[in-house]
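Under the working numbering, the sequence shown is numbered contiguously, ending at residue 116.
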Amino acid sequence: MERNIYAYKCKRCGHVQYPYRTICRNCHENDHNEFDIVPLPKKGKLLTFTHLFNPPSDFSTVFLSLGIVELEDGSRITGQLSIERPTIGMHVRANVEVVRKDEYNRYYGMVFYEA
Numbered sequence: 002m003e004r005n006i007y008a009y010k011c012k013r014c015g016h017v018q019y020p021y022r023t024i025c026r027n028c029h030e031n032d033h034n035e036f037d038i039v040p041l042p043k044k045g046k047l048l049t050f051t052h053l054f055n056p057p058s059d060f061s062t063v064f065l066s067l068g069i070v071e072l073e074d075g076s077r078i079t080g081q082l083s084i085e086r087p088t089i090g091m092h093v094r095a096n097v098e099v100v101r102k103d104e105y106n107r108y109y110g111m112v113f114y115e116a
């Protein structure tokens with residue numbers, strides 16, 4: 002089963018935004034019924050990245066790479082990087098995977114790989 006992360010497309014102007022906001026950033030519509038739920042694309046370009054050498058205790062790793070990616074539709078999202086040597090501007094593809102878990106919960110997010 003393929004997992005997705007969803008964005009919100011304004012029915013009035015067609016602008017796609019993520020995460021959810023009650024008002025469209027483009028046309029300023031604020032009616033809750035004026036958004037369609039659409040899956041975010043899974044391809045994009047790496048804008049910037051950082052390495053964490055001491056992530057919070059609920060992560061099961063001692064090293065974590067995070068990046069901000071501009072997706073094909075212009076949306077930007079933060080996700081984990083599974084790339085040995087990331088470079089700004091490189092093309093990436095994503096999977097929605099478990100990024101963190103505790104005793105009873107699994108938390109999903111975008112994990113980016115080199116395209």
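Every residue, glycine too, gets a C-beta built ideally from N, C-alpha and C.
A quick note: this is a predicted structure, and the numbers were derived from the prediction, not measured.
Can you give me the Cβ contacts of residue i inside the same chain, cut-off strictly under 6 angstroms, excluding the 5 residues immediately before and after it?
{"i": "Y114", "result": "S83 and R94"}
{"i": "C14", "result": "N27 and C28"}
By DSSP's criteria, residue i is part of a beta bridge. Which residues make up the other side?
{"i": "S66", "result": "H52"}
{"i": "A95", "result": "F113"}
{"i": "E71", "result": "K46 and R77"}
{"i": "P20", "result": "None, per the DSSP bridge assignment."}
In the DSSP assignment, find the unbroken beta strand (DSSP E) run with residue i in it and report its ends.
{"i": "L82", "result": "R77 to L82"}
{"i": "K12", "result": "Where K12 is concerned, there is no enclosing beta strand (DSSP E), given that its DSSP letter is neither H nor E."}
{"i": "Y6", "result": "Just to set this straight, residue 6 is Ile in the shown sequence, not Tyr. It is not in any beta strand (DSSP E) - I6 carries neither H nor E in the DSSP assignment."}
Please return the same chain residues whose Cβ sits closer than 8 angstroms to the Cβ of residue i, not counting the five positions on each side in sequence.
{"i": "Y9", "result": "V17, Q18, Y19, Y21, R22, F36, D37, I38 and V39"}
{"i": "I24", "result": "E30 and N31"}
{"i": "N106", "result": "none"}
Please check the pair residue i and residue j, which I expect to be a contact at CB under 8 angstroms, by giving their CB distance rounded to whole angstroms.
{"i": "I69", "j": "T49", "result": "5 angstroms"}
{"i": "M1", "j": "V99", "result": "In the structure as shown, the chain starts at 2 and stops at 116, and residue 1 therefore has no counterpart that could be examined."}
{"i": "T51", "j": "L67", "result": "6 angstroms"}
Please work out which residues of its chain come closer than 7 angstroms, Cβ to Cβ, to residue i, disregarding the five sequence neighbours upstream and downstream, and give them in chain order.
{"i": "F60", "result": "R101"}
Assess contact between the segment 35 to 46 and the segment 56 to 64, defined as three or more Cβ pairs (one per stretch) separated by less than 8 angstroms. Is contact present? no
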